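Residue numbers (our numbering), protein chains in the order written: chain A, 242 to 511; chain B, 16 to 237. We treat Cβ as the ideally placed atom computed from N, Cα and C, and that holds for glycine. As the structure is a prediction and not an experimental result, all values here were calculated from the model.
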Amino acid sequence: MKKILPPEELARDARFVRVNIQDTIADPRQAKVSERNTGSAKLEPDRPAAADRARQLMHGIFMGEVQALEGAGRTTFDFTDEEVPFQLKLDMARQSWDESRHCEISVKLAEHMGTEIGEFAEATFLYEAACAPDALLRLTGVNRALEGLAIDVFNTMKLFGDHSGDPVLAACEDWMLADEVTHVKMGSDWLRRLTENDPERRELALEFQRTVDKLFSLGGFRGETDDNPIQLARRFRELAGFSTEEIDELSEVTAEAQAEAEAAAGVNKS
Amino acid sequence: MSEPRQPRAAFAPWDRRELPGIFGVEETARRVGNYKWIEMRLFEALGGWVATVPELDVKLVLGRHCYHHAWHSELWDKRLPELREMKTDRLTLPPNDEMIAFVDALREPEAPELTIEKLVGVYRVLLPHKIAAYTYHQNGSSRITDAPTIRSFGFILQDELEDWREGEMLLQSLIETPDEVERAANRQRELEKLIVAAGGIAGPGTIGGETGVPAPEGVAVG
Chain A
242 MKKILPPEEL
252 ARDARFVRVN
262 IQDTIADPRQ
272 AKVSERNTGS
282 AKLEPDRPAA
292 ADRARQLMHG
302 IFMGEVQALE
312 GAGRTTFDFT
322 DEEVPFQLKL
332 DMARQSWDES
342 RHCEISVKLA
352 EHMGTEIGEF
362 AEATFLYEAA
372 CAPDALLRLT
382 GVNRALEGLA
392 IDVFNTMKLF
402 GDHSGDPVLA
412 ACEDWMLADE
422 VTHVKMGSDW
432 LRRLTENDPE
442 RRELALEFQR
452 TVDKLFSLGG
462 FRGETDDNPI
472 QLARRFRELA
482 GFSTEEIDEL
492 SEVTAEAQAE
502 AEAAAGVNKS
Chain B
16 MSEPRQPRAA
26 FAPWDRRELP
36 GIFGVEETAR
46 RVGNYKWIEM
56 RLFEALGGWV
66 ATVPELDVKL
76 VLGRHCYHHA
86 WHSELWDKRL
96 PELREMKTDR
106 LTLPPNDEMI
116 AFVDALREPE
126 APELTIEKLV
136 GVYRVLLPHK
146 IAAYTYHQNG
156 SSRITDAPTI
166 RSFGFILQDE
176 LEDWREGEML
186 LQSLIETPDE
196 VERAANRQRE
206 LEKLIVAAGG
216 IAGPGTIGGE
226 TGVPAPEGVA
236 VG
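Structure, rendered in structure tokens:
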């Protein structure tokens, strides 16, 4: 088995449909979608098409968990004993198990919410961040940036469960949220340990994280206003080792991503 | 009511633990180092394969089992300093080159259509050998002097037996045609030859026979 498995070689059964994220973003229909006035973008039960959006998000969570599982698994394999500490590999193996459980939870929740595997397409951009040749970049790009996004997503979904009177959804999301805080903290701890005497490397890794964070803010997908379906979960991020300054910076990044997307779509907010 | 100051034997009548075990400290440390090495190579392979198997149930099981073997390697890593090896990497080794050849062959399949080959290597060859090696070591050790190692064997063997059963059930659900039976049998034959050439996961004498290590003088107590 070779080291570094490219995203196009991720193995899937016949139900899965893969799309290129660039094609989705460049789809001319996106501008029309942005023009619609549907009120607050927050995922709330009284929002138009809330149930459909929640189902789509649940399917997206499932796909994210599959790729997070694959990424953590690859990190146990792609590096030799000399390249990464033993304990780091153990952490990645633990994360593999956690992500495997999250896949199981997501499949059951997807059924519970009325969708099924393959109803929505899969983009592989999460796994792509897990293909970095440097393990430290994987820990910042995946554990801090993407698992950080998972904190925001699970918290949003948990609140949706609370507000829509779905205790099954709320409870399951809360369990996954607990694991994600652990994974982000792993990333924070390893970033500190691996760059203790190498500030240049730390800055490089944080720059990679910022790039991934911006990509995953997906033009306003995540933020702290009513225009953002996914809300930044400050309290849980603090538990996971983010400083207030880092969260503020992320909030700015998400606002920038939203402004850029609106400019690109020609949306007039006045 | 019993008299608290009345002398009692150190061992209860039902406690049949004995001294000594068949391995000394050094031989135990050597074997534990071999065990840690194979657990590491196994959890890496399972983690690496997750992305290469299209069958969703297999993918999720491999993710779970990956952690089980990582935890086993961690238990062995923690045991080594207690066996006087402070630099644990020094004993985290394969027993011989033949074992390296076996592991290379075990981890070689990558293509998505080779799930049977991947699973046979783990669940029909390596895990049965690990279970045999751990059981032999556990049964041959003194439950007094080497109780910490035996306690780890208890946890690890429980995982190994459950994982082996789960893997075997996955295989039985995947093997449906005579051709697939052949594939599984061929793969098992190929890998079994390699692990036999290595003498097992701890080299010759893994489950007894010629070990090259004299057993300690026996002092039958019990």
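Neighbour-count burial assignment, residue i, 16 or more Cβ in a 10 Å radius
i	result
A/Ala255	exposed
A/His209	Outside the displayed range of chain A (242 to 511) lies residue 209 of chain A, so it cannot be described from this structure.
B/Glu18	exposed
A/Ser484	exposed
A/Thr365	buried
B/Gly5	Not covered by the structure: residue 5 of chain B. The range shown for chain B is 16 to 237.
B/Val196	exposed
B/Ala177	It should be noted that the sequence gives Glu, not Ala, for residue 177 of chain B. Per the 10 Å Cβ criterion, exposed.
A/Lys510	Annotation note: pLDDT 49 at A/Lys510 (below 50); position unreliable, coordinate value reported separately. Classification of A/Lys510: exposed, given that the 10 Å Cβ count is below 16.
A/Pro269	exposed
A/Ala386	buried
A/Ile266	exposed
A/Glu493	exposed
A/Ile245	exposed
A/Met299	buried
A/Arg476	exposed
B/Met55	buried
B/Asn154	exposed
A/Val409	exposed
Beta-carbon neighbours of residue i, restricted to chain A and to distances below 8 Å
i	result
B/Gly63	Met242, Leu246, Gly314, Arg315, Thr317, Phe318 and Asp319
B/Glu123	Met242
Own chain, CB closer than 7 Å to residue i, minus 5 neighbours either side, in chain order
i	result
B/Glu70	Thr130
A/Gly382	Ala370, Ala373, Phe449, Gln450 and Val453
B/Pro163	Arg94 and Glu97
B/Pro231	Because B/Pro231 carries a pLDDT of 49, less than 50, the predicted location of this residue cannot be relied on, and the following value inherits that uncertainty. So the qualifying residues of the chain are Pro35 and Gly39.
Bounding residues of the alpha helix (DSSP H) (the contiguous stretch that carries residue i)
i	result
B/Cys81	Leu71 to Glu97
A/Asn261	That residue, A/Asn261, is in no alpha helix (DSSP H); it is neither H nor E in DSSP.
B/Ala200	Pro193 to Ala213
B/Gly136	Careful: B/Gly136 lies outside any alpha helix (DSSP H) and carries neither H nor E.
A/Trp338	Phe327 to Met354
B/Gln187	Ala162 to Leu189
B/Trp64	Val40 to Val65
A/Gly312	Ala291 to Asp319
A/Arg433	Pro408 to Leu435
A/Pro440	Pro440 to Leu456
B/Met114	Asp112 to Leu121
A/Val394	Glu388 to His404
A/Phe477	Arg475 to Leu480
A/Glu360	Careful: A/Glu360 lies outside any alpha helix (DSSP H) and carries neither H nor E.
A/Leu378	Ala376 to Arg379
Close Cβ partners of residue i (< 6 Å) along its chain, the five nearest in sequence each way excluded
i	result
A/Thr316	Met333 and Arg379
B/Ala235	In this predicted model, B/Ala235 has a pLDDT of only 42, less than 50, meaning its place in the structure is not dependable enough to derive any value.
A/Ala411	Lys399, Gly402 and Asp403
A/Ala362	Val258 and Val260
A/Gln336	Ala313 and His424
Residue i: contacting residues in chain A (beta-carbon distance under 9 Å)
i	result
B/Leu189	Chain A residues near B/Leu189: none, gap ~13 Å exceeds 9 Å.
B/Glu54	Going along chain A, no residue has its Cβ under 9 Å from B/Glu54, so there is no contact; the nearest lies around 10 Å.
Proximal residues of chain B, C-beta to C-beta of residue i below 7 Å
i	result
A/Leu251	Ala66
A/Glu311	Val65 and Ala66
A/Ser341	Leu75, Gly78 and Arg79
A/Leu331	Ala85 and Glu89
Under 9 Å by beta carbon: chain B residues contacting residue i
i	result
A/Cys344	Leu71, Lys74, Leu75 and Gly78
A/Trp578	What the structure shows of chain A is the stretch from 242 to 511, and residue 578 of chain A is not part of that stretch, so it cannot be assessed.
Distance cut-off 6 Å: residue i Cβ against heavy atoms of the ligand PLP
i	result
B/Ala25	The ligand PLP is not part of the structure shown, which contains no ligands of any sort.
Residues of its chain near residue i, where Cβ-Cβ distance is below 8 Å and the 5 sequence neighbours each way are ignored
i	result
B/His144	Ile210, Gly215, Ile216 and Thr221
B/Arg204	none
B/Trp179	Tyr138, Leu142, Pro143 and Ile146
B/Val47	Trp91, Arg94, Leu95, Leu98, Leu106 and Thr164
A/Glu285	Ala291, Phe401 and His404
Within chain B, partners of residue i - CB distance below 8 Å
i	result
A/Glu357	Within chain B, no residue comes near A/Glu357; the closest Cβ sits about 12 Å away, beyond 8 Å.
Contacts of residue i in chain E (Cβ-Cβ under 7 Å)
i	result
B/Pro127	As a matter of chain content, chain E is missing from the structure shown, whose protein chains are A and B.
Amino acids of chain A, ordered along the chain, whose beta-carbon sits closer than 7 Å to that of residue i
i	result
B/Glu59	Thr317 and Phe318
ask   = Going along the region 81-93 of chain B in order, which residues come within less than 9 Å of chain A, judged by CB to CB distance?
value = Cys81, Tyr82, His83, His84, Ala85, Trp86, Ser88, Glu89 and Asp92
Cβ-based contacts, 9 Å cut-off: residues of the region 372-396 of chain A near chain B = none
ask   = Taking Cβ-Cβ distances below 7 Å as the criterion, which residues of the region 418-441 of chain A are in contact with chain B?
value = none
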